[in-house]
Amino acid sequence: MEQTTQKSSLERVVSQRALQMGSSFPCQICVMGFFCGVCITYFFLAALISFGAMESKGVAFSTLSIGILSQNSTSDIGINGDPIPLVRETAWRMNSPRVNEQQDDDKASLLYSAWSVVLNESIDKDGMLLSRSSIPEAPHLENCQLVTQINKFWDNPRENETVPSWTTWKGSLGMELLHQKSTLDKELQGVPHTANTEGAYPPWIEGSDGDNFPLTRKVQHDLWVHQHPTNCSDPKVRFLVADWEKLPGFGIGAQFAGMCGLLAIAINEQRVLVTNYFNRADHDGCEGAQRSRWSCYFFPETSIECQDRAFELMKRREAWEHGTVTAKDNYTSKEIWAGRIPRVWGEPWSYLQPTTEINGSLLRIHRKMDRRWWRAQAVRYLMRFQSKYTCDLMNTARHSAFGLQAAKMVVQSLPPEWPKVCL
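Residue numbers (the numbering used here): 8 to 430.
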């Protein structure tokens, strides 16, 4: 009896203690957290299963939706009952953006290859994937044939003129050359040309006078006139014929410096400079008469008539005896490399902005300023116009560096059906 009473008392104590613990606030928090965790886990698993089922049916649902849209909607039907291409294109881009990017890359590669074929002038009419008319113009390439033709127009004076028609190069833009069959040209055929060539400036100088060395336009004009006498057969015209430096170790800079010195001698002695052998042009790329000549890369320093006249005089003994023609051997190295700079234009180098710095200070005047100014003028004249060969080389270099990038930009502006619409 006593054991039963003790057992009942113990149960009451335990129950009372459990009731007190269950009614405490920390215990309630733990229970609520447990049930909340169970609920969150349940909903998360349910959402994950539902999302997987929808993803597996997404392609069919998208195709079905587009089919219903194209059949039932009236906003994508054209006048003739044909679907508007914009809807089809939009649906295609929504479903396969990577495919479109790949197509653009393929088109850019095709366009780049077509430009390469045109650049190499190896078009095979039977083997070309694209017709010539379907290939858009390359923004990074020059039309070398047209550019060379225009440069020849600016480098050859007309009859009874001392200089070409440089006064019109930014006016009518050479209408006589570019549009020979235009109405304007027919009207001007009977009008005598009365351009003021005295103040005409050469077209190979760009920018304002402040962007160039002092008197650049005037000097370039006078150099061209000096190197292109109206009558090369005149006994008063004298010549200086010289090869480019070809000693081992002489780079292109040293060759330029030597030729600038020879041009200075020619100006001071009133001679026409005629360059002869140029070792950097002694290769198969320079064909015909341009082989081993400066004219392979740039326009010749003088006219063809003066060149022929100078080479003819070199064969005559009396021409050497009377000083009508001289060569590089007639002058010392000091005269060539450190000779007197032409002073016919005064001292324009004194107006140059100082660029020589010594111990943190800029020198306004020093002994090399005149030589720097003259070499800049001489090199600018010698490189005034590129030859077609040089233009082709520059096109090849630009195409190799920027061709694919340019093709990707051009493809963005082409019709979506290109090149199918042009085949």
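Here a beta-carbon is modelled for each residue, glycine too, at the ideal position from N, C-alpha and C. Bear in mind that the values here come from a model prediction, so they are computed numbers and not experimental data.
Taking the straight line between their C-alpha atoms, what separation do you get for Arg287 and Glu354?
Indexing the sequence shown from 1 puts residue 287 at position 280. Indexing the sequence shown from 1 puts residue 354 at position 347. Take the alpha-carbon of Arg287 and the one of Glu354: they are about 34 Å apart.
Verify whether the separation of the beta carbon atoms of Pro426 and Leu117 is less than 8 Å.
Against the sequence shown, residue 426 aligns to sequence position 419. Against the sequence shown, residue 117 aligns to sequence position 110. It is a contact, given that the beta carbons lie within the stated cut-off.
Taking Cβ to Cβ, would you say Phe463 is nearer than 8 Å to Leu359?
The structure shown does not extend to residue 463, since the chain spans only 8 to 430, so no value can be given for it.
Compute the distance between the beta-carbons of Ile343 and Gly265, then report whether it is under 8 Å.
Against the sequence shown, residue 343 aligns to sequence position 336. Against the sequence shown, residue 265 aligns to sequence position 258. Yes.
Within 10 Å of its beta-carbon, does Thr333 have 16 or more other beta-carbons around it, so buried, or fewer, so exposed?
On the sequence shown, residue 333 is found 326 positions in, with the first residue counted as 1. Buried: at least 16 other Cβ atoms inside 10 Å.
Three-state secondary structure (DSSP) of Gln2:
For the chain, the structure presents residues 8 to 430; residue 2 sits outside this window and is missing.
Burial state of Glu166 (16 or more Cβ within 10 Å):
By one-based count along the sequence shown, residue 166 stands at place 159. It is exposed - the Cβ of Glu166 has fewer than 16 other Cβ atoms within 10 Å.
Going by other Cβ atoms of all chains shown within 10 Å of its Cβ, with 16 needed for buried, is Tyr396 buried or exposed?
Residue mapping note: residue 396 aligns to position 389 of the sequence shown, counting from 1. Classification of Tyr396: buried, given that the 10 Å Cβ count is 16 or more.
How far does the beta strand (DSSP E) with Ser368 in it extend, from its first residue to its last?
Within the sequence shown, the letter at position 361 stands for residue 368. Ser368 to Leu370 is the span of the beta strand (DSSP E), which, as asked, contains Ser368.
If I follow the unbroken alpha helix (DSSP H) through Arg245, where does it start and stop?
Walking along the sequence shown from the start, residue 245 turns up at place 238. Element bounds for Arg245: not the alpha helix (DSSP H) but the beta strand (DSSP E), Arg245 to Ala249.
Can you name, in chain order, every residue of its own chain whose Cβ lies under 7 Å from the Cβ of Cys303, other than the five neighbours on each side?
What you label residue 303 is simply residue 296 of the sequence shown in a count that begins at 1. The answer, listed in chain order, is Ala288, Cys293, Gln297, Ser394 and Tyr396.
When you compare only the Cα positions, how much space is there between Trp161 and Arg245?
Looking up residue 161 in the sequence shown gives position 154. Looking up residue 245 in the sequence shown gives position 238. Approximately 25 Å, taken between the alpha carbons.
Between Gln384 and the rest of its own chain, which residues show a CB-CB distance below 8 Å, the 5 nearest in sequence each way excluded?
As a working mapping, residue 384 is identified with position 377 in the sequence shown. Cβ neighbours of Gln384 beyond the five flanking positions: Phe220, Thr223, Val226, Gln227 and Leu230.
Report the residue from Arg379, Met416, Asp399 and Gln419 whose alpha carbon sits nearest the alpha carbon of Glu128.
Numbered from its first residue, the sequence shown carries residue 128 at position 121. Out of Arg379, Met416, Asp399 and Gln419, Asp399 has the C-alpha closest to the C-alpha of Glu128.
With a threshold of 16 other CB atoms inside 10 Å of the CB of Val417, please say whether the residue is buried or exposed.
The count along the sequence shown starts at 1 and reaches residue 417 at position 410. With 16 or more Cβ atoms within 10 Å of its Cβ, Val417 is classed as buried.
Cα-Cα separation between Asp111 and Cys239, rounded to whole angstroms:
Translated into positions along the sequence shown, residue 111 becomes position 104. Translated into positions along the sequence shown, residue 239 becomes position 232. The C-alpha of Asp111 lies about 59 Å from the C-alpha of Cys239.
Using a threshold of 8 Å, state whether the C-beta atoms of Ile391 and Phe306 are closer than that.
Reading the sequence shown from its first residue, position 384 is the one you call residue 391. Reading the sequence shown from its first residue, position 299 is the one you call residue 306. Residue identity differs from the one stated: residue 391 is Arg in this sequence, not Ile. Using a Cβ distance threshold of 8 Å, Arg391 and Phe306 count as a contacting pair.
Would you list, in sequence order, the uninterrupted alpha helix (DSSP H) runs of no fewer than 4 residues that lie entirely inside the region 283 to 340?
For the region 283 to 340, whole alpha helix (DSSP H) runs of length 4 or above, ordered along the chain, are 311 to 320 and 324 to 328.
Taking the alpha-carbon positions, what's the His233 to Val279 distance?
By one-based count along the sequence shown, residue 233 stands at place 226. By one-based count along the sequence shown, residue 279 stands at place 272. A direct Cα-Cα distance of roughly 7 Å separates His233 from Val279.
By Cβ distance below 7 Å, which residues in the same chain neighbour Arg378 in space, the five residues on each side in sequence not counted?
The count along the sequence shown starts at 1 and reaches residue 378 at position 371. These residues qualify, in order along the chain: Ile348.
Please list, in chain order, all residues of the same chain as Ala115 whose beta carbon is under 7 Å from its beta carbon, the five residues on each side excluded.
Position 108 of the sequence shown, counted from the start, is the residue given in the question as residue 115. The beta carbon of Ala115 lies closer than 7 Å to those of Leu411, Ala414, Lys415 and Val418 in the same chain, with the five residues before and after it left out.
Tell me which residues share the same chain as Phe285 and place their Cβ nearer than 7 Å to its Cβ, disregarding the 5 neighbours each side in the sequence.
As a first step, residue 285 is located in the sequence shown; it is residue number 278 there, counting from the start. Closer than 7 Å at the Cβ level, and outside the excluded window around Phe285, lie Trp251, Ser299, Arg300 and Trp301.
With 16 other Cβ atoms within 10 Å as the buried cut-off, status of Thr339
Taking the first residue of the sequence shown as 1, we reach residue 339 at position 332. Under this definition Thr339 is an exposed residue.
DSSP beta-bridge partners of Gln412:
Indexing the sequence shown from 1 puts residue 412 at position 405. Paired residues: none, contrary to the question.
Near Trp380, what residues of its chain come up, given a Cβ to Cβ distance below 7 Å and the 5 sequence neighbours on each side ignored?
Here residue 380 refers to the residue found at position 373 when the sequence shown is read from its first residue. Once the five neighbours on either side are set aside, the close Cβ partners of Trp380 are Phe220, Pro355, Trp356 and Leu359.
Between the alpha carbons of Pro143 and Glu108, how many angstroms are there, rounded?
Locating residue 143 in the sequence shown gives position 136, counting from the first residue. Locating residue 108 in the sequence shown gives position 101, counting from the first residue. Between the alpha carbons of Pro143 and Glu108 lies a distance of about 20 Å.
Within its chain, find whatever has a CB closer than 7 Å to the CB of Val154; leave out the 5 residues flanking it on each side and keep chain order.
Reading the sequence shown from its first residue, position 147 is the one you call residue 154. If we look at Val154 and ignore the five residues flanking it on each side, its Cβ neighbours are Cys398.
In the DSSP assignment, the alpha helix (DSSP H) including Thr155 goes from what residue to what residue?
As a first step, residue 155 must be located in the sequence shown, where it is residue number 148. DSSP places Thr155 in the uninterrupted alpha helix (DSSP H) bounded by Cys151 to Asp162.
Whole-angstrom Cβ separation of Asn402 and Leu148, contact assumed at under 8 Å?
Taking the sequence shown and counting its residues from 1, one reaches residue 402 at position 395. Taking the sequence shown and counting its residues from 1, one reaches residue 148 at position 141. Asn402 to Leu148, Cβ: 5 Å. Contact.
Outcome for Ala404 when other beta-carbon atoms lying within 10 angstroms are tallied against a minimum of 16:
Start at 1 with the first residue of the sequence shown, and residue 404 comes out as number 397. Result: exposed.
Taking the DSSP output, what are the residues bridged to Ile142?
On the sequence shown, position 135 is the one that residue 142 refers to. The secondary-structure analysis by DSSP pairs Ile142 with nothing; it has no beta-bridge partner.
Can you round the beta-carbon distance between Pro171 and Asn163 to whole angstroms, since I take them to be within the 8 Å contact cut?
In the sequence shown, the residue the question calls residue 171 occupies position 164. In the sequence shown, the residue the question calls residue 163 occupies position 156. The pair is a contact, with the Cβ atoms about 6 Å apart (cut-off 8 Å).
State the Cα-Cα distance for the pair His373 and Trp211, rounded to the nearest angstrom.
Your numbering for residue 373 matches position 366 in the sequence shown. Your numbering for residue 211 matches position 204 in the sequence shown. Between His373 and Trp211, the C-alpha separation is close to 29 Å.
For a quick check, are the C-beta atoms of Asn269 and Lys335 less than 8 Å apart?
Within the sequence shown, residue 269 is the residue found at index 262, counting from 1. Within the sequence shown, residue 335 is the residue found at index 328, counting from 1. It should be noted that the sequence gives Leu, not Asn, for residue 269. Their beta carbons are under 8 Å apart, which means Leu269 touches Lys335 by this criterion.
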